[in-house]
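Colleague: Those letters in the sequence shown? Residues -6 to 379, per the numbering used here, in order.
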Amino acid sequence: MEPSSGSRDARPTVTLVAAVLPAGGSGERLGGATPKQFCAVQGRPLVSYTVRAMERISWISNIIVVVSPENIETMKSIVEKYGHKRVTVVKGGITRHRSIFNGLKVFAENEFSNQLLQKPEVVIIHDAVRPFVEEDTLSKVVMAAKEHGAAGAIRPLVSTVIASTADGCLDHSLERARYRASEMPQAFLFDIIYEAYQQCTNYDLDYGTECLHLALKYCKTNAKLVEGTADLWKVTYKRDLQAAESIIKDNLSQQVCVITDVKEAVAQVGFRLHESLKNQIKVEAISISLSKNDSQLQNIFSGQCYNFVCVNDKKYAIQETQQLVDMLEKSNIALLYPVVLISVHLDISENISFSIGMEELTRIKKFAREMKKKNTLVYGLLIQYK
-6 MEPSSGSRDA RPTVTLVAAV LPAGGSGERL GGATPKQFCA VQGRPLVSYT VRAMERISWI
54 SNIIVVVSPE NIETMKSIVE KYGHKRVTVV KGGITRHRSI FNGLKVFAEN EFSNQLLQKP
114 EVVIIHDAVR PFVEEDTLSK VVMAAKEHGA AGAIRPLVST VIASTADGCL DHSLERARYR
174 ASEMPQAFLF DIIYEAYQQC TNYDLDYGTE CLHLALKYCK TNAKLVEGTA DLWKVTYKRD
234 LQAAESIIKD NLSQQVCVIT DVKEAVAQVG FRLHESLKNQ IKVEAISISL SKNDSQLQNI
294 FSGQCYNFVC VNDKKYAIQE TQQLVDMLEK SNIALLYPVV LISVHLDISE NISFSIGMEE
354 LTRIKKFARE MKKKNTLVYG LLIQYK
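#1: Output needed for residue 259: all residues of its chain with C-beta closer than 7 Å, excluding positions within five of it in sequence on either side, in chain order.
#2: Under three-state DSSP, which class holds residue 141?
#3: For residue 340, which beta-bridge partners are listed by DSSP?
#4: Answer with buried or exposed for residue 400, where buried requires no fewer than 16 other C-beta atoms within 10 angstroms of its C-beta.
#5: By the three-class DSSP mapping on this structure, what secondary structure does residue 67 have?
#6: For the alpha helix (DSSP H) containing residue 203, list its first residue and its last residue.
#7: Based on DSSP bridge pairs, tell me the residues matched to residue 253.
#8: How long is the line joining the alpha carbons of residue 266 and residue 174, rounded to whole angstroms?
#9: Just the Cα atoms here: how many angstroms apart are residue 115 and residue 37?
#10: So is residue 47 buried or exposed if we call it buried at 16+ other beta carbons inside 10 Å?
#11: Tell me the DSSP bridge mates of residue 58?
#12: Between the Cα of residue 280 and the Cα atoms of 262, 228, 172, which residue gives the shortest distance?
#13: Express the C-alpha separation of residue 202 and residue 195 in angstroms, rounding to a whole number.
#14: Tell me the rounded alpha-carbon separation between residue 16 and residue 49.
#15: Output the distance between the C-alpha atoms of residue 165 and residue 60, rounded to the nearest integer angstrom.
#16: Going by DSSP, what residue range makes up the alpha helix (DSSP H) through residue 192?
#17: By the 10 Å Cβ neighbour count, where 16 or more other Cβ atoms means buried, how is residue 120 classified, buried or exposed?
#18: Quick check on residue 129: does DSSP put it in helix, strand or coil?
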């Protein structure tokens, strides 16, 4: 698939890209009965945010989520509930490497899937508990993998690494400036990483942790290291869940969906609004007919956008606003976080009546008071022009 027009920087010139998300961990370090990838953050499982990050990128053709056997149905229900697309759920192994290998097999063997998925040129491997990966980072590691065979994101070490003696005393320390922390995402030419896993010993599969090392050990492929961003961290402990929730709340306040009617004049207003805001916040603009209950809008709701601008030129804007609010209520997103809806009514009629416009805004004001009780904040804006 070709990269989307939303790619901001360099786009990978790769014919087919897929992603494998290992999500089979038990969450032992987190504590509690629920594995961390299924813990709720803002009312939504953590793994769903990571899938959504991949799903938003049009040039990723398939997303393979590998979970432990007992969580297969849980993961499938998450995919269904949040409307995830291009996702295949695969049974994991008893270790991380065995799970990743199972994820790769859906492109080469029929053992873990009813039908073989098209083999990608490059495959991304990314932890399901790293939800904040950006398209630019993914694009960079994919392009580096195409050129070098393997690539991975790295970050500077925060703490000095030391080695201890058998009796618990300091042996030596590493020069921190010379070393880096290996992070995710990583990307590989599919044939290289699959061959590496095929040649793995049981010891590697059971005790290894670094995919880049396997490519080097078995395929003599030196991975290109790509400087990653600070948001590539992994949710490991309970405090990380709290930090993730804080970041998600901040992200929610920095994105808006502009919804317009399909009419040219109205759509043009939505486009100009998008162009004005896109350098300040994340903006998604769509032109749809609300009466058709558009699936694109449902996907936006499932992506947990909480700020909406609805632009229309209908005589009774309140009806359009009511339709959108009804859809929002059915999605239940207002149960988790306040929803903001700005209803913009364009009056482009020849005979403009200020009193009629004020009546419309008065109706919206009354409607807004009722919706505030349901955690939805409605605002009305009337624009009159000839």
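Each residue gets a CB set at the ideal place from its N, CA and C atoms; glycine is no exception.
Modeller: So, from the listed chains and residues:
#1: Around residue 259: 253, 304, 305, 306, 339.
#2: Three-state DSSP puts residue 141 in a helix.
#3: DSSP output for residue 340 lists 377 as bridge partner(s).
#4: The displayed coordinates of the chain run from -6 to 379. Any statement about residue 400 would go beyond what the structure contains.
#5: Residue 67 falls in the helix class under three-state DSSP.
#6: First-last for residue 203: undefined, no H or E at that position.
#7: Assignment of beta-bridge partners to residue 253 by DSSP yields 280, 304.
#8: Going by the C-alpha atoms only, they are around 41 Å apart.
#9: Using only the alpha carbons, I get a separation of about 30 Å.
#10: Its Cβ being crowded by 16 or more others within 10 Å, residue 47 is buried.
#11: DSSP, once it has assigned bridges, lists 14, 82 as partnering residue 58.
#12: Measuring C-alpha to C-alpha distances from residue 280 to each of 262, 228, 172 identifies 262 as the nearest.
#13: CA-CA distance, residue 195 to residue 202, rounds to 13 Å.
#14: Pairing residue 16 with residue 49, the inter-Cα distance amounts to about 19 Å.
#15: Going from the Cα of residue 165 to the Cα of residue 60 covers about 39 Å.
#16: Element bounds for residue 192: 183 to 192.
#17: Residue 120 is buried by the Cβ-count criterion.
#18: When secondary structure is reduced to three states using DSSP, residue 129 falls in the helix class.
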